[in-house]
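What follows is one structure encoded as structure tokens, with my remarks underneath.
Chains as they are written, first to last, in the numbering used here: chain A, 1 to 80; chain B, 81 to 1028.
Put into structure tokens, the structure is as follows:
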């Protein structure tokens, strides 16, 4: 996995969060971003950003980071 | 639907739409017709043909030829039946000795100045003048041919598709009126008076030098051989015809493919086609020669490496080779290491099969379609706000519009037949608001002037849409009752508070958008209060980092003003390619099955699993840009690309090329060795739209039949090629005709439940949804309620694109299309359409050009953050200072070498419309262009080796 691939995912996540920012509180926006990623991203993309985000600061905005945490919980729930 | 060749029925004058009926008597027979019908048409509808020359039902009656005279009881003289409207109790006589004598005398005068070369005339046997002379029994001309005449008049052969033989002209004005009324270009006129009268193009110019757009309306209208297709002159009259649907833009015009054996000799716009009603453009009408162009590849080819020569093989060998390589890739790299890209140029049945093969055969959801790079934001935005991923109207509905908003679309170039329809309504008095960085033709055209042109700075569409909504809300112009009745009121109140914020006011946003506040405010008032408001938008809305937001902003505006759910209003995405709507409907996106149902929905999935006999992956697959990234990462190794030229059409060419080079097995199915095929290992020969059966769905959701006019040159239609590959991969498919594929689609897709080939043959076309509740289809959507229930006002916060102009890249490049070329030009570049547009040019404002010492026609280098290319400059005020523009029809232009891989936040639709660039005068092609030329030469050589 190259840095550029991860950077693209980070950029996309931040962009989605920014575009949804007016939808409500940080929690609501984070949840909507997570739902969006769940709906449109392939599993390897989700897995990669969840994993990398849990290990280091990969450049996600605070809401985007919250969204990835929500996404991670969704994946755990699905897996479980 | 094969028919022996017959000219299309012509009732002489247009039909009346009046609900009031009138009964009269024609030749002693009672006839009942709508009020306002002409006597000529009433007679024709009752089976009586009145001779005529200047009348045709495509044009308003004119009354100049004096051949259609009749007698009416109680009236003096012999009125022209074309200009006389029916009245209750009227008694019309169409035949009498006096009438016959008068008509014959008139005809004699016409023929006295017409060459008597019928036997060698190209329209012999298909000429209204000849037919009428026969009907009137003209046997001699008393005046001789020695007097003044026009028999030696010069023939204009400048147009590549038709000739103008003035010696055969009877000056009936049908061509002039067709250019005005049908096309709306006003390129033709009658020059001179009396005997000197003659049809003239432009200012007495050759057709090619005039404003003529070569739509063919004049040729259709001509009752003589004056305007004749060169293909008819060369090949003679057709002997049979097949009704089919054009494979160019999203208008989806109906045509009669007129044939001699397996050769198309003419494409005639079909009058019963509801999308075009007998009109056409230069592409659909004339640019069909590519189908038999010498560049067509008609045999499958394979090679191990892209540096190897191609080897022609049988279909069986090509399919077996592909299946073996795809299976090997999956065995080594996993189930998700292969995928497919389908094309909106293919039929519904074909794209359906591609996604089926991917889901059921590849075992993943790695399927995407070219709509990803054009209208994917439309799908997202309209589904979110209205509940359905489609436009809301018929094209004909624009005839009821009072205010038309055209945003980021250029209908007269990209959707010309709709453009003509729109221009007609504007000439009738509808108001027009154009939101576009360029002065598109509609801003100022003959007899049309936009009431407001809002020259938005590229990248700020959302700012403008928000400001329009801000004015409507802050001035209390919203349709309150409609919103309360039809929309989610709680969400509306939330949105209203957001949009009413002064930061969205025109006065505040002018600094971002460049749109004068006063104009924007006035335009908002006009849209909100001017009656029926209809919005038409195109890729200038979707191909942005906020494409989806802009689509939602448009839907918000329409709901806010109550402009959805009836004739004359609506939200109308102008789809770029012929079957963009259909390819989206057919489940070509990686996250959804046909009918826009998410792949994670268990009930839907089990429906398909039951029909296909497999277990489906519940997770979304890769989008096109994800496929490219994964290929470069070495995770994605095999791609089946049907009918799409991603190497030319997708952004950041060098990134795309790197991805294609990284693939172990690229399979391209196309009619030509396109730019993508140069990176391929397997080439499966495609079939043009003339060679297959199927359906296309146009921008109105109208499903129309594509009918085979000639056998596939490669022996297989595209659906048969896909089916062979699927079967080789163990995904069983055994359709014997595309109608069976449509039957399967109807079984599995609620919005298509009532669609079948039989019904399409009966009705001509069907607008989905077509099901038990709407068995005849749905012309206008959301009439009583929105598909999602209550309309949803989505938040549309403006987020500036990261692609910004700065000192190094001070100008903003935006891209678009031109009338004569289509998309990547693979088809139109192989026709005479290149006479109008032989190369892509860079439009630059005189101010920006002068600053850089650039003159019209100079070579200029265009540098962006990702690449550079070289084009010739077209110095023009069509673009405003700070903005440059080009088209992308020629591969050598490298327009997408410059565009970045920035994309829409929701759908990854590329941001083609905003690229920061610098322009400078240069003397040599760019490095990429030099490489492209060398690579192209190498690949052409490898192709030649296969053919020898």
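Ideal Cβ placement from N, Cα and C applies to all residues, glycine included.
No experiment lies behind these values; they were computed from the predicted model shown.
Original post:
Helix, strand or coil: how does DSSP classify residue 32/A here?
Top reply: Three-state result, residue 32/A: helix.
Original post:
Under the three-state reduction of DSSP, which class applies to residue 706/B: helix, strand or coil?
Top reply: The DSSP-derived three-state label of residue 706/B is helix.
Subject >> Alpha-carbon spacing of residue 119/B relative to residue 860/B, whole angstroms >> reply: 33 angstroms
Original post:
For residue 898/B versus residue 969/B, is the C-beta spacing smaller than 8 angstroms?
Top reply: yes
Subject >> Burial state of residue 551/B (16 or more Cβ within 10 Å) >> reply: buried
Original post:
Between which two residues does the beta strand (DSSP E) harbouring residue 366/B extend?
Top reply: Element bounds for residue 366/B: not the beta strand (DSSP E) but the alpha helix (DSSP H), 362 to 366.
**OP:** Could you check how far apart the C-beta atoms of residue 716/B and residue 419/B are, in whole angstroms? I think they sit under 8 angstroms.
**Re:** 7 angstroms
**OP:** Output, in chain order, the set of chain A residues within a Cβ distance shorter than 7 angstroms of residue 709/B.
**Re:** 5 and 8
Subject >> Short CB-CB distance (under 8 angstroms) between residue 39/A and chain B >> reply: yes
Original post:
Hey, is residue 700/B's beta-carbon within less than 8 angstroms of any beta-carbon in chain A?
Top reply: yes
Subject >> Bridge partners - residue 329/B, DSSP secondary structure assignment >> reply: Answer by DSSP bridge pairing, in chain order: 657/B.
Original post:
The beta strand (DSSP E) spanning residue 271/B covers which residue range?
Top reply: 268 to 271
Subject >> Where residue 586/B falls, given that 16 or more other Cβ within 10 Å makes a residue buried >> reply: buried
Original post:
Can you tell me the Cα-Cα spacing of residue 988/B and residue 732/B, whole angstroms?
Top reply: 14 angstroms
**OP:** Residues of the region 863 to 887 of chain B with a CB closer than 7 angstroms to any CB of chain A: list them in chain order, please.
**Re:** Residues of the region 863 to 887 of chain B whose Cβ lies closer than 7 angstroms to any Cβ of chain A, in chain order: 875, 877 and 879.
Original post:
Mind checking whether residue 999/B and residue 946/B have CB atoms under 8 angstroms apart?
Top reply: No, the pair does not count as a contact, with Cβ atoms beyond the cut-off.
Original post:
Taking all protein chains shown into account, do 16 or more other C-beta atoms lie within 10 angstroms of the C-beta of residue 855/B, making it buried, or fewer, making it exposed?
Top reply: exposed
Subject >> Of the residues 274/B, 599/B, 352/B and 446/B, the one placed nearest residue 667/B, counting alpha carbons only >> reply: 446/B
**OP:** Could you please give me the residues that DSSP links to residue 678/B through a beta bridge?
**Re:** 672/B
**OP:** Given a cut-off of 8 angstroms, decide if residue 955/B and residue 929/B are closer than it, judged by their beta-carbon atoms.
**Re:** Here residue 929/B is near residue 955/B, since their CB atoms are less than 8 angstroms apart.
Original post:
Does the distance from the C-beta atom of residue 117/B to that of residue 96/B stay below 8 angstroms?
Top reply: yes
**OP:** Identify whether residue 801/B lies in helix, strand or coil by the three-state DSSP scheme.
**Re:** Correct three-state label for residue 801/B: helix.
Original post:
Just by C-beta distance, which residues in the region 8 to 25 of chain A are closer than 7 angstroms to chain B?
Top reply: 8, 15, 16, 18, 19, 21, 22 and 23
Subject >> Proximity to residue 1058/B [Cα-Cα], best of 549/B, 673/B and 207/B >> reply: This structure does not reach residue 1058/B, given that chain B is present from 81 up to 1028, and the question cannot be answered.
Original post:
residue 569/B to residue 640/B, Cα distance in whole Å?
Top reply: 11 angstroms
Subject >> As assigned by DSSP and simplified to three states, the class of residue 1029/B >> reply: Coverage of chain B is limited to positions 81 through 1028, which leaves residue 1029/B absent and any answer about it impossible.
**OP:** Just the chain A side, please: which residues come within less than 8 angstroms of residue 626/B by C-beta, in chain order?
**Re:** 19
Original post:
Tell me, which residues are paired with residue 109/B by DSSP?
Top reply: 106/B
Original post:
Is the Cβ of residue 72/A closer than 8 angstroms to any Cβ of chain B?
Top reply: no
Original post:
What residue does the beta strand (DSSP E) around residue 487/B start on, and which one ends it?
Top reply: 483 to 487
Subject >> Cross-strand partners of residue 339/B (DSSP beta bridge) >> reply: Beta-bridge pairing links residue 339/B to 320/B and 344/B.
Original post:
Does any C-beta atom of chain B lie closer than 8 angstroms to the C-beta of residue 62/A?
Top reply: no
**OP:** Please compile the residues from chain A whose C-beta is within a distance smaller than 9 angstroms of the C-beta of residue 976/B.
**Re:** Ordered by position in chain A, no residue passes the 9 angstroms Cβ test against residue 976/B, which lies about 18 angstroms from the chain.
Original post:
Given a threshold of 16 other Cβ atoms within 10 Å of its Cβ, counted over all protein chains shown, does residue 196/B qualify as buried or as exposed?
Top reply: exposed
**OP:** Would you mind sorting residue 225/B into buried or exposed? The rule is 16 or more other CB atoms within 10 Å of its CB.
**Re:** Answer is exposed; the Cβ neighbour count stays below 16.
Subject >> Where residue 578/B meets chain A, residues with beta-carbon distance less than 9 angstroms >> reply: 22
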